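Letter by letter, the sequence shown follows residues 1 to 751 of the UniProt record's numbering. Backbone N, C-alpha and C fix where the C-beta goes; we use that ideal spot for every residue, glycine too. Note that the coordinates shown come from a computational prediction; the quantities given were computed from them, not determined experimentally.
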Amino acid sequence: MPLRALPIPPIQPDGAPRMVYTHQPFYTADLVTWSNQMPSLRDDPDKCHRQISAIFSTHNPTWPDVHVLLNALFNEAEKADILTKAGEAIESPDYQRGRPAALAALSAQCLRIEPTWDYNTTNGIWCLNLFKRAILDGVKAAGQRTVNWTKVQTVLQGPNEHPSDYYTRLVSAIKTWGGIDPENPQHEVIVKGFFKDQASPDIRKALNLQIGYDGKSVSEILSIAKSVYNSRDERKRKEAKPETEHILALSMEPNSSRGRTLSPDDPICTIEIDGHPYRCLLDTGATYSTLTSSHLEPGSETKKVMGLDGIPRTCPLSQPAKVTLGPLLAEHTFLLTSSPVNLLGRDLLCKLNATIKCSEDGIYLYMPEDSVPAFQGMVLEEKLDRQFPELPPELENELPPSLWGTESTSVGLLLSATPVRITYRTDRPFPCTKQYPLPKEAIDGLTPMIEDFLSKGILVPCASPCNTPVLPIKKPSTEGAPVRYRFVQDLRLVNQFVIPRHPVVGNPNSLLNAIPAGTTWYSAADLCSAFFSIPLDPASQFLFAFTWGPSQLTWTRLPQGYVESPAIFSAILHQDLQDVCLPANSALLLYVDDILLCSTSEEACKLDTKYLLSELARKGHKVSPKKLQYCKQEVKYLGHILGVGTRSLATDRIEAVTRIPLPKTKRQLRGFLGMAGFCRAWIAGYSEITKPLTAMTRQDHPDTLVWEEEAYKSFERLKRELRSAPALGLPDYRTPFNLFIHEQMGVASGS
């Protein structure tokens with residue numbers, strides 16, 4: 001013990017000995033032991049704080065001893081950080097209260113320069129205790145972790161780890177490195193997402209099959225995981241049985257007494273394999289489809305099978321072959337056997353999703369897309385059991401399912417996003433507008449979305465002084481299809497009430513001009529419900545309340561329609577991808593939630609697209625599989641058609657402008673000019689053409705428009721120019737090119 005109290009004479013008046021403090025340095029062995037037991041300050045600051053506090057309590061170190069401890073247990077940077085934080089603490093108001101008057105001048109300087117404290121006096125001991133208290137506070141403050149979700153992503157369930165143990169480790173990691181409280185109901189969806197994505201493959205597969213996973217409680221999810229975990233032994237026993245339990249319906253011996261030859265009464269269908277016709281017997285008792293003799297070469301795989309004669313045999317599987325039935329193709333692998341008959345077995349029948357019907361007239365085979373009995377010349381369509389049929393199989397197989405947004409309410413949560421706090425004006429009343437009555441059809445159309453968001457915690461009940469109306473917008477649909485509605489909230493009053501940050505979203509034309517010369521392959525991705533993936537600070541949620549039924553609801557995520565949403569999301573997306581180094585050095589262009597990848601070869605495009613998508617998944621984004629344009633030489637991006645060295649306007653963009661009727665008010669005319677201005681790069685002399693129209697939008701012009709001949713001609717000419725808009729070449733700044741401009745009366749335009 002460095003500072004030890006010992007009794008010395010003379011005896012005090014009450015008979016008790018007088019106590020003095022003597023100093024004894026730390027033992028080297030103690031310092032080595034403590035150093036080995038001490039974790040990194042960044043990894044476990046709580047344990048560091050507990051261990052230092054225990055040493056202070058049991059050993060009562062002096063000022064020099066404390067510095068010996070700091071030198072032995074921490075590196076130079078950690079020690080400097082601890083002393084800095086301790087200095088801030090010792091000069092705080094909390095440390096000023098209760099000080100003796102003689103110690104009023106005690107400051108942070110005593111942390112670095114050894115003071116002349118007499119430990120045998122009350123003031124000396126008081127100063128020492130205050131110093132050690134400040135050091136402990138410095139350890140706690142210096143060890144505050146920064147958010148590091150990468151640490152959370154390393155918490156994977158072990159092959160034999162119980163789900164409860166895995167969940168405990170995961171919650172601890174989220175609490176330590178996520179900067180959030182995993183026990184808070186608002187953060188439950190984050191915990192459940194990590195639990196599923198980082199669980200062992202069999203548990204992850206079972207959880208992915210759960211409908212409404214995000215709405216299930218943690219206890220329900222753990223129950224499912226435990227059920228899968230506990231059934232592993234049974235599955236292992238089944239898998240351990242030899243494959244000889246697969247029984248073929250026919251004998252494998254060519255001369256067996258059980259062998260069969262085809263007869264007119266057998267259910268026979270003719271298929272083509274790589275262009276060669278084969279007559280096959282329909283046999284639902286056969287595990288595999290087999291060929292007796294064929295042009296197919298055996299592959300490297302084999303299967304153990306057992307015929308009805310009870311003798312097991314090993315037979316090779318063929319190389320994958322194209323099976324043609326009618327106009328459609330499928331790829332299949334056949335078992336090559338010595339059976340006397342070709343068999344159309346359960347493997348191919350199940351793949352085709354076939355239906356077999358038995359009647360007095362015989363046995364009939366129906367395919368899903370065909371209502372005609374299909375034994376002769378039947379139509380075949382391969383039905384793959386795939387979760388995302390619109391995706392290329394290579395993407396579905398190589399990327400995590402959590403990346404894909406499978407429905408309109410599929411929402412991610414960005415790991416790098418901190419809750420957005422909104423600054424609003426205090427010199428005007430809160431925005432509040434009553435909700436007008438909604439038709440029953442619109443309420444029914446929006447109710448599933450509202451209920452889903454409530455179950456996920458994206459919407460929560462509230463009582464707010466603010467209220468903005470909901471505007472259901474009917475989505476286009478084909479005849480006979482159910483009517484669907486898009487949820488739109490009128491946030492114009494809120495947008496006028498807040499004090500927005502300066503927007504930094506780029507200009508689309510400038511962005512597209514940055515496409516590198518030599519680009520021949522593109523991939524374009526659209527992020528699902530992008531704004532909803534950013535949490536909203538609880539102190540700001542009341543601003544976005546709306547009326548639904550008898551109560552109010554509000555958003556816990558950044559809502560669509562809010563003036564700052566595009567700029568905030570754009571900044572976070574740029575931050576998430578700024579350190580991403582694509583393996584093939586493709587170029588990456590970002591505009592809010594639309595991503596364009598530009599490559600010079602197909603191989604580079606595929607490689608970098610997969611890498612980019614995996615990074616998006618790792619950071620919590622969701623991508624629409626339906627809108628993904630994967631590795632193409634022509635893609636649609638921001639209303640443009642991008643090809644090999646060209647850029648043209650999308651047809652729907654042109655039609656949207658040319659269908660606008662003659663505006664009757666200045667507001668309508670401004671809207672037309674805004675849409676036409678998007679296309680100005682394709683209209684030579686745009687400024688001159690629109691000059692008469694721009695003049696009509698000035699403040700001194702009446703709101704109701706009176707169209708003169710010159711303005712009307714300009715309006716019609718703009719439409720004609722758009723209908724004949726050419727494809728523009730993408731500039732190659734590496735080579736010389738001519739820039740054409742228009743000059744009139746000494747003024748140049750078009751540059």
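Got a sec? Which residues, its chain only, sit under 8 angstroms from residue i by beta carbon, not counting five neighbours each side?
{"i": "A656", "result": "M675"}
{"i": "K192", "result": "Y213, D214, K216, V218, I221"}
{"i": "T261", "result": "Here the model assigns T261 a pLDDT of 44, short of 50, so the residue's position is not dependable and the matter cannot be decided."}
{"i": "T423", "result": "V498, I499"}
{"i": "L722", "result": "L649, I654, V657, T658, A676, C679, W682, I683"}
{"i": "D444", "result": "none"}
{"i": "R232", "result": "D202"}
What residue does the beta strand (DSSP E) around residue i start on, and which one ends it?
{"i": "L282", "result": "276 to 282"}
{"i": "H59", "result": "No beta strand (DSSP E) contains H59, which is instead part of the alpha helix (DSSP H) from 45 to 59."}
{"i": "H640", "result": "640 to 642"}
{"i": "D526", "result": "521 to 526"}
{"i": "A142", "result": "Segment 122 to 142 is the alpha helix (DSSP H) holding A142; no beta strand (DSSP E) there."}
{"i": "C631", "result": "629 to 632"}
{"i": "V635", "result": "635 to 637"}
{"i": "L471", "result": "Run containing L471: none; DSSP gives neither H nor E here."}
Out of the options, state which residue places its alpha-carbon closest to the alpha-carbon of residue i.
{"i": "S293", "options": "S687, L282, P277", "result": "P277"}
{"i": "R557", "options": "G124, N123, G412, K475", "result": "G412"}
{"i": "T547", "options": "T284, P61, S300, C466", "result": "C466"}
{"i": "K626", "options": "P159, T62, L403", "result": "L403"}
{"i": "Q496", "options": "A539, Q541, Y562, W521", "result": "Y562"}
{"i": "E396", "options": "P267, K664, K719, A617", "result": "A617"}
{"i": "H295", "options": "E301, L335, K304", "result": "L335"}
{"i": "A286", "options": "L343, T324, I268, T302", "result": "L343"}
{"i": "D608", "options": "N160, C631, V592", "result": "C631"}
{"i": "L69", "options": "W34, F453, G639", "result": "W34"}
{"i": "W555", "options": "K456, L577, I443, L130", "result": "K456"}
{"i": "E297", "options": "Y288, T314, S318", "result": "S318"}
{"i": "Q435", "options": "L553, D137, K79", "result": "L553"}
{"i": "E78", "options": "I52, L41, S92, I641", "result": "L41"}
{"i": "S227", "options": "H162, R720, L536", "result": "H162"}
Leaving out five residues on either side along the sequence, give the residues of the same chain with a beta carbon under 7 angstroms from the beta carbon of residue i.
{"i": "Y637", "result": "A524, D594, L596"}
{"i": "Y686", "result": "R680"}
{"i": "V152", "result": "A173, I174, W177, G178, F194"}
{"i": "T84", "result": "none"}
{"i": "A711", "result": "P692, L693, M696"}
{"i": "P432", "result": "Position check: residue 432 holds Cys in this sequence, whereas Pro was assumed. Once the five neighbours on either side are set aside, the close Cβ partners of C432 are P465, C466, N467."}
{"i": "H574", "result": "L590"}
{"i": "P64", "result": "E114"}
{"i": "P448", "result": "none"}
Assuming residue i and residue j make a contact with CB atoms under 8 angstroms, what is their CB distance in whole Å?
{"i": "M490", "j": "L471", "result": "Just to set this straight, residue 490 is Asp in the shown sequence, not Met. D490 to L471, Cβ: 6 angstroms. Contact."}
{"i": "I211", "j": "T284", "result": "That belief does not hold up - the Cβ atoms of I211 and T284 are roughly 31 angstroms apart, past 8 angstroms."}
{"i": "S724", "j": "I689", "result": "With 8 angstroms as the limit, S724 and I689 do not qualify as a contact, their Cβ atoms being about 14 angstroms apart."}
{"i": "P516", "j": "A587", "result": "5 angstroms"}
{"i": "I273", "j": "V323", "result": "6 angstroms"}
{"i": "L415", "j": "K619", "result": "6 angstroms"}
{"i": "D700", "j": "K666", "result": "D700 to K666, Cβ: 11 angstroms. No contact."}
Just reading off the alpha helix (DSSP H) that residue i is part of, what are its end residues?
{"i": "A656", "result": "651 to 658"}
{"i": "L70", "result": "63 to 73"}
{"i": "S223", "result": "218 to 230"}
{"i": "I190", "result": "188 to 197"}
{"i": "C350", "result": "346 to 351"}
{"i": "Q552", "result": "Run containing Q552: none in the alpha helix (DSSP H); it sits in the beta strand (DSSP E), 551 to 555."}
{"i": "R204", "result": "201 to 208"}
{"i": "C110", "result": "From DSSP, C110 is part of no alpha helix (DSSP H); its letter is neither H nor E."}
{"i": "T710", "result": "Reading off the sequence shown, one finds Glu at residue 710, where the question assumed Thr. First-last of the alpha helix (DSSP H) with E710: 709 to 723."}
Ordered along the chain, which non-local residues of its own chain (more than five positions away) have a Cβ less than 6 angstroms from that of residue i?
{"i": "K140", "result": "H49"}
{"i": "D81", "result": "A142"}
{"i": "K47", "result": "P39"}
{"i": "L31", "result": "A72"}
{"i": "Q560", "result": "F531"}
{"i": "K205", "result": "none"}
{"i": "C528", "result": "G405, S410, K622, S624"}
{"i": "S45", "result": "As written in the sequence, residue 45 is Pro, which differs from the Ser given in the question. Answer for P45: G143, listed in chain order."}
Going by the C-beta, is residue i closer than 6 angstroms to any heavy atom of the ligand NAD?
{"i": "N467", "result": "Only the bare structure without any ligand can be found here, which leaves the ligand NAD out of the picture."}
The region 178 to 196 in contact with the region 655 to 670 per 3-pair CB rule at 8 angstroms: With fewer than three CB-CB distances shorter than 8 angstroms, the region 178 to 196 does not count as touching the region 655 to 670.
At least 3 beta-carbon pairs within less than 8 angstroms: the region 164 to 176 vs the region 110 to 123: Output reads no: the region 110 to 123 does not touch the region 164 to 176.
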